[in-house]
Amino acid sequence: MKITKEFDSIVIGAGHAGCEAALALARTGNKTLLLTISLDAIAFLACNPSIGGTAKGQLVSEVDALGGEMGIISDRTAIQIRMLNRGKGPAVQSLRAQADKNAYHTEMKKVLEQEKNLFVRQGEAVKIEIQDDKKLVTTSVGLVYSAKSLVFATGVYLKSEIIIGSCREAVGPNGFKNSSKLSDSLKELGIKLLRFKTGTPVRIHARSVDYSKMELQEGDEDVFSFSYMTSEKIENKSVCYLTYTTSTTHEIIRENLDKAPAISGEIKGIGPRYCPSIETKIVRFADKERHQLFLEPEALNTEELYLQGFSTSMPAEIQNDMVHSVIGLEKAEIMRDAYAIEYDCIEPTQLKPTLELKQIDGLFFAGQINGTSGYEEAAAQGIIAGINASLYNQGKEQLVLKRSDGYIGVLIDDIVTKGTNEPYRMMTSRAEYRLLLRQDNADMRLTEIGRRVGLVSDERFERFEQKKQKLQEIEEKLSEKVKVDDRLIDLFNKNNEPVPRENMKYRDLLKRTNIDIFKINDVYHLYDEADKKYMELVNIKIKYEGYLKQQQEDIEKMLRNENVAIPEDFDYMSVKGLREEAKEKLAKIRPLNLGQASRISGVSPADVSVLSILVKRK
Numbered sequence: 032m033k034i035t036k037e038f039d040s041i042v043i044g045a046g047h048a049g050c051e052a053a054l055a056l057a058r059t060g061n062k063t064l065l066l067t068i069s070l071d072a073i074a075f076l077a078c079n080p081s082i083g084g085t086a087k088g089q090l091v092s093e094v095d096a097l098g099g100e101m102g103i104i105s106d107r108t109a110i111q112i113r114m115l116n117r118g119k120g121p122a123v124q125s126l127r128a129q130a131d132k133n134a135y136h137t138e139m140k141k142v143l144e145q146e147k148n149l150f151v152r153q154g155e156a157v158k159i160e161i162q163d164d165k166k167l168v169t170t171s172v173g174l175v176y177s178a179k180s181l182v183f184a185t186g187v188y189l190k191s192e193i194i195i196g197s198c199r200e201a202v203g204p205n206g207f208k209n210s211s212k213l214s215d216s217l218k219e220l221g222i223k224l225l226r227f228k229t230g231t232p233v234r235i236h237a238r239s240v241d242y243s244k245m246e247l248q249e250g251d252e253d254v255f256s257f258s259y260m261t262s263e264k265i266e267n268k269s270v271c272y273l274t275y276t277t278s279t280t281h282e283i284i285r286e287n288l289d290k291a292p293a294i295s296g297e298i299k300g301i302g303p304r305y306c307p308s309i310e311t312k313i314v315r316f317a318d319k320e321r322h323q324l325f326l327e328p329e330a331l332n333t334e335e336l337y338l339q340g341f342s343t344s345m346p347a348e349i350q351n352d353m354v355h356s357v358i359g360l361e362k363a364e365i366m367r368d369a370y371a372i373e374y375d376c377i378e379p380t381q382l383k384p385t386l387e388l389k390q391i392d393g394l395f396f397a398g399q400i401n402g403t404s405g406y407e408e409a410a411a412q413g414i415i416a417g418i419n420a421s422l423y424n425q426g427k428e429q430l431v432l433k434r435s436d437g438y439i440g441v442l443i444d445d446i447v448t449k450g451t452n453e454p455y456r457m458m459t460s461r462a463e464y465r466l467l468l469r470q471d472n473a474d475m476r477l478t479e480i481g482r483r484v485g486l487v488s489d490e491r492f493e494r495f496e497q498k499k500q501k502l503q504e505i506e507e508k509l510s511e512k513v514k515v516d517d518r519l520i521d522l523f524n525k526n527n528e529p530v531p532r533e534n535m536k537y538r539d540l541l542k543r544t545n546i547d548i549f550k551i552n553d554v555y556h557l558y559d560e561a562d563k564k565y566m567e568l569v570n571i572k573i574k575y576e577g578y579l580k581q582q583q584e585d586i587e588k589m590l591r592n593e594n595v596a597i598p599e600d601f602d603y604m605s606v607k608g609l610r611e612e613a614k615e616k617l618a619k620i621r622p623l624n625l626g627q628a629s630r631i632s633g634v635s636p637a638d639v640s641v642l643s644i645l646v647k648r649k
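Counting from 1 along the sequence shown, just add 31 to a position and that's the residue number in my numbering.
Here is the structure:
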């Protein structure tokens, strides 16, 4: 077999996972090929034209803190930005931005094209072969590429089919060409596949909407960016609108459930529980009189509006009736039909926590091919797969992020340890240490790790060091004592707090429920306006000191098991004290340590105790 060209690494797929993986590899010195089925689909926002959201905003900032690109491009192309859950505690607050989908694709493509060591090539991968320590990728036109490591980031394109009513078409998202042969090649390598389903709502022409019947949703003016490299404030250039389904909407859907592929059984793939179709919502929540829908702009240079919450696979003519029954959309012009899409993905328990395939060294998987949903989840896996493929090439120990390190660690641990029977979506409730894993401190948690693996640039690390210095200075000022004088008395009275009887430190004032660092600064002028974005970090650290200390203690307990490694070749089947179910599950997952073993479904605390004794003896 004639090799067309040799590389250090190959990445198949240029969605959000593939882009981050390819950039991570190239930026750490690997000659990398990024092979994509279409150059026009690079970093394409196939569904919602937004980045971030609940728990997803944390993922974006974590990717950024490690040296990734999603946060930078999101900031650059944002047309509206909001902080979700502002009325709740800092543990669940997440940034969300409407992105200009056309600009996002263009900007990411430009970054890839300009990256040293990265070669972007349009072509369909049809066959994967393993030859000694080399991975061979054959394209549909007969070109053969070779590399030491290979990252699969094929998204939802494997044998994908778009479904609208009874109509099926073998294409990828937005009608892009699908990958029809690569699934068979994975099967030949002994990789188990699953069949999942997702979908996207209709697009509406802006001129056909009656906005007077809807609620205006504006962006926030005082929030910070996703990326720690973004200095300028993000401008809100567009607005969104909130509307609702009606009883007529529900009636139309109920009368046509036999024509709904998601309900009738026509669609065999398993769909996302937390982002169901509108018809699934009507069936599942039959008592609800209405459901929220959001009209969101696709881009600044188009009149297309995305109808969030209205995903469906109903026939086109019924979609038309459904849309016209929504408040404010009585005369709506549909520009693109909603559709469901079925696709192949892998069973993720076949992967190590490094995202490397257990049975084949140097073969990594990232993104929706691992059974996850969402751009952010994909990017998070992509950067880890890219980092670890680079470390593999160097013969170095690969990176495993713990659940206490970040949402990325939670995401990967969940899918490789527990697997998933539906498209996996990240949520704050999945993170047990979410008060520590906030969006605002992602760099404090991960940038030094990114620096160690060679991905964080000098400029980024210098900014990080400056931030640490600034935070220290702010804390030092708060350690000074403040007198009980008229200013302090007035501050406490205005905020319904009992006045202290003796002098105390500024930081102790923050322990009062109604006093925060900004109110203190309004009175005592301790900090400049430039310090504002750092003040909130310090405010949270001091106000939640007790809770943070408790979570840190919980982490230390957890790490006792995480630090007890299990040999890769450990023979679980020969252990007499383990239950048969535990033996089978442990042998399948092959956990790296006792901590991971304890999180496997079907492994009891008693099983972990038995395992602990045996492992510690070795």
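No residue lacks a Cβ here, since even glycine has one placed at the ideal position from N, Cα and C.
Whole angstroms is fine: what's the gap from PHE601's alpha carbon to GLY302's?
-> Position 570 of the sequence shown holds residue 601. Position 271 of the sequence shown holds residue 302. Approximately 36 Å, taken between the alpha carbons.
Can you name the residues that DSSP bridges to THR311?
-> By 1-based counting over the sequence shown, the position of residue 311 is 280. Paired residue(s): none; THR311 is not in a bridge.
Exposure label - ASN651; buried when at least 16 CB within 10 Å | Residue numbering for the chain in the displayed model covers 32 to 649; residue 651 lies beyond these limits and cannot be assessed.
Where ASP375 sits in the DSSP three-state scheme | As a working mapping, residue 375 is identified with position 344 in the sequence shown. When DSSP states are grouped into helix, strand and coil, ASP375 belongs to the strand group.
Do the CB positions of ALA410 and LEU90 come within less than 9 Å of each other?
-> Here residue 410 corresponds to residue number 379 of the sequence shown, with the count starting at 1. Here residue 90 corresponds to residue number 59 of the sequence shown, with the count starting at 1. Between ALA410 and LEU90, the gap from beta carbon to beta carbon is short of 9 Å.
Residues of its chain near ILE309, where Cβ-Cβ distance is below 6 Å and the 5 sequence neighbours each way are ignored | Numbered from its first residue, the sequence shown carries residue 309 at position 278. The answer, listed in chain order, is PHE341, THR343.
Tell me, which residues are paired with PHE150 by DSSP?
-> If you number the sequence shown from 1, residue 150 lands on position 119. Per DSSP, LEU64.
Report, in whole angstroms, the separation of the C-beta atoms of LEU65 and VAL151, which I expect to be a contact under 8 Å.
-> Along the sequence shown, read from residue 1 onward, the residue named residue 65 stands at position 34. Along the sequence shown, read from residue 1 onward, the residue named residue 151 stands at position 120. Contact flag correct, Cβ pair sits at about 5 Å.
If you pair each beta-carbon of the segment 371-380 with each one of the segment 421-431, do three or more pairs fall below 8 Å?
-> Fewer than three pairs of CB atoms, one per stretch, sit closer than 8 Å, so the segment 371-380 makes no contact with the segment 421-431.
Starting from the N-terminal side, write out each stretch of the beta strand (DSSP E) that is 3 residues or longer and does not extend beyond the segment 237-282.
-> Fully enclosed beta strand (DSSP E) runs of 3 or longer: 246-248, 271-275.
Return yes when the Cβ of VAL172 is within less than 9 Å of the Cβ of ILE41, no when it is not.
-> As a first step, residue 41 must be located in the sequence shown, where it is residue number 10. As a first step, residue 172 must be located in the sequence shown, where it is residue number 141. No, the Cβ-Cβ distance between ILE41 and VAL172 is not below 9 Å.
Could you say which of GLY250, TYR135, ARG285, ILE235 lies nearest to SER269 if we only look at CA atoms?
-> Looking up residue 269 in the sequence shown gives position 238. The shortest Cα separation from SER269 among GLY250, TYR135, ARG285, ILE235 belongs to GLY250.
Cβ-Cβ distance between SER435 and LEU466 below 9 Å = One-based indexing of the sequence shown puts residue 435 at position 404. One-based indexing of the sequence shown puts residue 466 at position 435. Contact: no.
Could you have a look at SER210 and say whether DSSP puts it in helix, strand or coil?
-> The count along the sequence shown starts at 1 and reaches residue 210 at position 179. In the three-state reduction of the DSSP assignment, SER210 falls in the strand class, which pools E and B.
Could you tell me if ASN570 is buried or exposed, where buried requires 16 or more neighbouring beta carbons within 10 angstroms of its beta carbon?
-> Counted from its first residue, the sequence shown places residue 570 at position 539. Buried.
Beta carbon of ILE82, beta carbon of ASP95: below 9 Å?
-> Counting from 1 along the sequence shown, the entry for residue 82 is found at position 51. Counting from 1 along the sequence shown, the entry for residue 95 is found at position 64. Their beta carbons are not under 9 Å apart, which means ILE82 does not touch ASP95 by this criterion.
Is ALA410 helix, strand or coil by DSSP?
-> Numbered from its first residue, the sequence shown carries residue 410 at position 379. In this structure, ALA410 counts as helix in the three-state DSSP scheme.
Anyone know if the C-beta pair for GLY186 and ALA369 falls short of 9 Å?
-> Taking the sequence shown and counting its residues from 1, one reaches residue 186 at position 155. Taking the sequence shown and counting its residues from 1, one reaches residue 369 at position 338. No, Cβ-Cβ distance for GLY186 and ALA369 is not below 9 Å.
As assigned by DSSP and simplified to three states, the class of ASN527 = By 1-based counting over the sequence shown, the position of residue 527 is 496. In the structure shown, ASN527 sits in coil (DSSP, three-state: anything other than H, G, I, E or B).
Selected residue, minimal CA-CA separation from CYS271, among THR277, GLU599, LEU247 = Locating residue 271 in the sequence shown gives position 240, counting from the first residue. Checking every option, the nearest Cα to that of CYS271 belongs to LEU247.
Cβ distance (whole Å) where GLN582 is taken to contact TYR438 below 8 Å | For this step, residue 582 is matched to residue 551 along the sequence shown. For this step, residue 438 is matched to residue 407 along the sequence shown. The C-beta separation of GLN582 from TYR438 comes to about 15 Å, leaving the pair out of contact by the 8 Å criterion.
Quick one: complete beta strand (DSSP E) runs, 3+ long, within the segment 32-114?
-> For the segment 32-114, whole beta strand (DSSP E) runs of length 3 or above, ordered along the chain, are 36-43, 63-67, 81-83.
Best match in THR63, GLY203, THR385 for proximity to ALA72 [C-alpha to C-alpha] = Taking the first residue of the sequence shown as position 1, residue 72 is located at position 41. Of the residues THR63, GLY203, THR385, the one whose Cα lies closest to the Cα of ALA72 is GLY203.
Only counting runs of 3 or more residues, tell me where the beta strand (DSSP E) segments fall wholly within the segment 523-583, in order along the chain.
-> Taking only runs of at least 3 residues, no beta strand (DSSP E) segment lies wholly in the segment 523-583.
Looking at the structure shown, is GLU428 part of a helix, part of a strand, or coil, going by DSSP?
-> As a working note, residue 428 is residue 397 in the sequence shown. Coil at GLU428, not helix or strand.
How should VAL554 be labelled, buried or exposed, when 16 other C-beta atoms within 10 angstroms of its C-beta is the threshold for buried?
-> Position 523 of the sequence shown, counting from 1, holds the residue named residue 554. Taking all protein chains shown into account, VAL554 has fewer than 16 neighbouring C-beta atoms within 10 Å of its C-beta and is therefore exposed.
Would a C-beta distance cut-off of 9 Å place LEU338 and SER239 closer than the cut-off?
-> Here residue 338 is taken as the residue at index 307 of the sequence shown, counted from 1. Here residue 239 is taken as the residue at index 208 of the sequence shown, counted from 1. Annotated as distal: LEU338 and SER239, with beta-carbon spacing of 9 Å or more.
Can you give the Cα-Cα distance for PRO454 and SER211, rounded to whole angstroms?
-> Working through the sequence shown from its first residue, we reach residue 454 at position 423. Working through the sequence shown from its first residue, we reach residue 211 at position 180. The alpha-carbon atoms of PRO454 and SER211 are separated by roughly 21 Å.
How should LYS383 be labelled, buried or exposed, when 16 other C-beta atoms within 10 angstroms of its C-beta is the threshold for buried?
-> Indexing the sequence shown from 1 puts residue 383 at position 352. So LYS383 ends up on the buried side.
Could you please give the first and the last residue of the uninterrupted alpha helix (DSSP H) stretch that includes ALA130?
-> Along the sequence shown, one-based indexing puts residue 130 at 99. Per DSSP, ALA130 belongs to no alpha helix (DSSP H); it is in the beta strand (DSSP E), 125-130.
Please name the residue, chosen from GLY99, SER191, ARG518, ASN592, that lies closest to ILE298 on a Cα-to-Cα basis.
-> Translated into positions along the sequence shown, residue 298 becomes position 267. Minimum Cα-Cα distance from ILE298 among the listed residues GLY99, SER191, ARG518, ASN592 corresponds to SER191.
Exposed or buried, what is GLN470 when buried is set at 16 or more other beta-carbons lying within 10 Å of its beta-carbon?
-> Numbered from 1 along the sequence shown, position 439 holds the residue referred to as residue 470. With 16 or more other Cβ atoms from the protein chains shown falling within 10 Å of its own Cβ, GLN470 counts as buried.
Could you please give me the residues that DSSP links to THR380 through a beta bridge?
-> Position 349 of the sequence shown, counted from the first residue, corresponds to residue 380. None, per the DSSP bridge assignment.
Own chain partners of GLU593 with C-beta closer than 8 Å, once the 5 adjacent residues on each side are dropped | Within the sequence shown, numbered from 1, the residue matching residue 593 stands at position 562. These residues qualify, in order along the chain: LYS433, ASN624, LEU625, GLY626, GLN627.
Buried versus exposed call for GLU144 [16 or more other C-beta atoms within 10 Å across all chains shown] | Residue 144 sits at position 113 when you count from the first residue of the sequence shown. The residue in question, GLU144, is exposed, as its Cβ has fewer than 16 Cβ neighbours within 10 Å.
May I ask which residues mark the beginning and end of the beta strand (DSSP E) holding LYS158?
-> Here residue 158 refers to the residue found at position 127 when the sequence shown is read from its first residue. Element bounds for LYS158: 156-162.
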